[in-house]
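Beneath this line is the structure, given in structure tokens, with notes to follow.
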Amino acid sequence: MMSEHVVTEQQVLDALRAVIDPDLRRDIVSLGFVKDVKICDGTVGFKIELTTPACPVKDLMKAQATEAVLKVPGVKAVNVEMTAQVRSRQVGAEDILPTVKHVIAVASGKGGVGKSTVSVNLAVALAQLGAKVGLLDADVYGPSVPLLMGTRETPRVVNDRIIPVERYGVQMMSLGFLLPDDQAVVWRGPMVAGTVRQLLTDVEWGAKDYLVVDLPPGTGDAPMTLSQSVPITGVVVVMTPQDVAFTIAAKAVAMFHKLEEGLNRAIPILGIIENMAGFACPHCGDVTPIFAGVGGEQAAERLGVPFLGSIPLDPSISLSGNEGVPSIVAHPESPQAKAFRQIAQALAAQCSIHSMADHTLLRTIPQIHRS
Numbered sequence: 001m002m003s004e005h006v007v008t009e010q011q012v013l014d015a016l017r018a019v020i021d022p023d024l025r026r027d028i029v030s031l032g033f034v035k036d037v038k039i040c041d042g043t044v045g046f047k048i049e050l051t052t053p054a055c056p057v058k059d060l061m062k063a064q065a066t067e068a069v070l071k072v073p074g075v076k077a078v079n080v081e082m083t084a085q086v087r088s089r090q091v092g093a094e095d096i097l098p099t100v101k102h103v104i105a106v107a108s109g110k111g112g113v114g115k116s117t118v119s120v121n122l123a124v125a126l127a128q129l130g131a132k133v134g135l136l137d138a139d140v141y142g143p144s145v146p147l148l149m150g151t152r153e154t155p156r157v158v159n160d161r162i163i164p165v166e167r168y169g170v171q172m173m174s175l176g177f178l179l180p181d182d183q184a185v186v187w188r189g190p191m192v193a194g195t196v197r198q199l200l201t202d203v204e205w206g207a208k209d210y211l212v213v214d215l216p217p218g219t220g221d222a223p224m225t226l227s228q229s230v231p232i233t234g235v236v237v238v239m240t241p242q243d244v245a246f247t248i249a250a251k252a253v254a255m256f257h258k259l260e261e262g263l264n265r266a267i268p269i270l271g272i273i274e275n276m277a278g279f280a281c282p283h284c285g286d287v288t289p290i291f292a293g294v295g296g297e298q299a300a301e302r303l304g305v306p307f308l309g310s311i312p313l314d315p316s317i318s319l320s321g322n323e324g325v326p327s328i329v330a331h332p333e334s335p336q337a338k339a340f341r342q343i344a345q346a347l348a349a350q351c352s353i354h355s356m357a358d359h360t361l362l363r364t365i366p367q368i369h370r371s
């Protein structure tokens with residue numbers, strides 16, 4: 001009579017080394033993702049703890065892990081639990097946002113590219129994917145987050161701390177909650193810088209996986225203050241597929257590279273997002289190009305930064321925004337909602353790459369271009 005194979009934890013771990021994280025380019029065992037291995041009568045159970053709940057390959061990784069362990073002699077069944085623990089950026093002793101794991105600045109070189117709409121929908125998409133998300137409207141000249149999120153609620157103040165307003169699973173703060181609609185903001189640079197810093201320090205952001213910061217367009221005081229005040233994980237640049245938009249987006253990228261020199265630390269460009277990529281017909285679904293010029297993917301290649309994805313031009317995006325309901329909530333199965341979710345996942349992956357690199361777990365991180 002043949003003796004039954006006794007499965008060991010080491011055999012399970014060795015089998016799981018065949019599962020590679022496609023973004024971090026290492027196996028899930030050496031990355032420390034495999035937790036709580038349990039073996040009983042040929043049934044193997046374990047957890048895979050990913051670096052973000054927004055992982056785009058979570059299901060694929062689970063299937064690969066199951067298949068790999070089933071090949072171990074003596075294994076009859078495999079139970080895999082997928083969990084996530086967002087890895088934080090490096091937090092120093094004087095960090096003004098120590099409980100926020102990632103600060104993501106959304107920038108554009110010019111106005112009119114839909115930067116605020118992208119910021120709002122990305123924040124909601126990350127929250128829908130299971131992350132703890134904050135949204136800071138740092139566009140002090142034209143704060144539009146209250147309109148896009150459908151609330152004019154005045155934030156509460158507790159123990160001299162401003163409590164963010166919550167909507168669609170996102171905690172947010174905007175100067176628009178504090179100023180009358182008809183009041184113009186006429187400030188010089190130092191006042192803008194001071195206001196942005198105050199919105200960072202006086203608000204009770206609490207524990208957050210991601211804080212999405214909607215910057216004013218251009219290359220002025222607000223982006224510089226943010227970069228100088230807190231070690232941001234990186235910057236997302238929003239552009240439309242036009243030559244002029246590409247030229248100005250390139251200047252925005254150059255500005256953050258220039259800031260790196262003065263701060264003596266990296267300000268990574270997490271990627272390019274192409275908005276209004278083409279008109280999506282609401283009747284037939286066909287996408288027709290509207291603008292002629294350099295597209296987002298081509299721009300990312302020229303600038304040597306990741307391409308996070310494209311969002312089609314759809315009247316329902318602006319209509320739902322005007323009604324105070326983000327497009328991803330109002331039309332969850334639409335092409336633009338799917339695009340926002342895919343971009344949110346690609347963005348979360350870039351944050352993971354940079355945080356793992358910061359913690360010296362990865363020595364060389366190749367740029368990732370997504371289509």
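Here the sequence shown is numbered in our numbering, starting from 1 and rising by one per residue. Even for Gly, the Cβ is constructed at its ideal location relative to N, Cα and C.
- Counting C-beta pairs with one atom in each stretch, the stretch 119-133 and the stretch 203-223 have three or more that are closer than 8 angstroms, which means they touch.
- Here Gln242 is buried. Its C-beta has 16 or more other C-beta atoms within 10 Å.
- Along the length of the stretch 189-264, whole alpha helix (DSSP H) runs at least 4 residues long occupy 189-201, 221-229, 243-263, reported in chain order.
- Going by DSSP, Val120 is part of the alpha helix (DSSP H) stretching over 115-128.
- The stretch 311-326 makes no contact with the stretch 8-21, as fewer than three CB pairs between them are under 8 angstroms.
- Within the same chain, and ignoring the five residues on either side of Thr117 in sequence, the residues whose Cβ sits closer than 6 angstroms to its Cβ are Gly321.
- In the assembly as shown, Ile96 is an exposed residue. Its beta-carbon has fewer than 16 other beta-carbons within 10 Å.
- A residue is called buried once 16 or more other Cβ atoms fall within 10 Å of its Cβ, and Ser30, having fewer, is exposed.
- Here DSSP, grouped into helix, strand and coil, assigns Val103 to strand.
- For Thr83, DSSP records a beta bridge to Glu49.
- Under DSSP, Leu135 takes part in a beta bridge, and its partners are Met172, Val212.
- Annotation for Arg25: no residue places its beta carbon closer than 7 angstroms to its own, counting only its chain and skipping 5 residues before and after.
- Residue nearest to Leu148 within the set Val158, Pro155, Leu135 is Leu135 (criterion: CA-CA distance).
- In the structure shown, the three-state DSSP call for Val44 is strand.
- When the Cα atoms are used, Arg87 and Ala348 turn out to be separated by approximately 11 angstroms.
- The distance from the Cβ of Pro155 to that of Val140 is about 16 angstroms, inconsistent with a contact at the 8 angstroms cut-off.
- Beyond the five residues adjoining it in sequence on each side, Pro231 comes within less than 8 angstroms, by CB distance, of Arg89, Gln90, Val91, Gly92, Asp95, Val103, Arg265 in the same chain, given in chain order.
- Distance from the Cα of Val237 is smallest, within the candidate group Val57, Lys115, Lys76, Lys71, for Lys115.
- Residue pairing by DSSP places Leu313 opposite Phe279 in a beta bridge.
- In its chain, beyond the 5 residues on either side, Ala266, Ile267 have a beta carbon closer than 8 angstroms to the beta carbon of Glu260.
- With fewer than 16 neighbouring CB atoms inside 10 Å of its own CB, Arg152 falls in the exposed class.
- With the rule of 3 Cβ pairs closer than 8 angstroms, the stretch 288-304 does not count as touching the stretch 320-339.
- DSSP, read as helix, strand or coil, puts Glu301 in helix.
- Contact between Val69 and Leu122 is absent: CB atoms are separated by about 35 angstroms, not below the 8 angstroms threshold.
- Counting along the chain, the unbroken alpha helix (DSSP H) around Val69 starts and ends at 58-70.
- In terms of CA proximity to Ile269, Pro306 leads the group Pro306, Val145, Ser352, Phe291.
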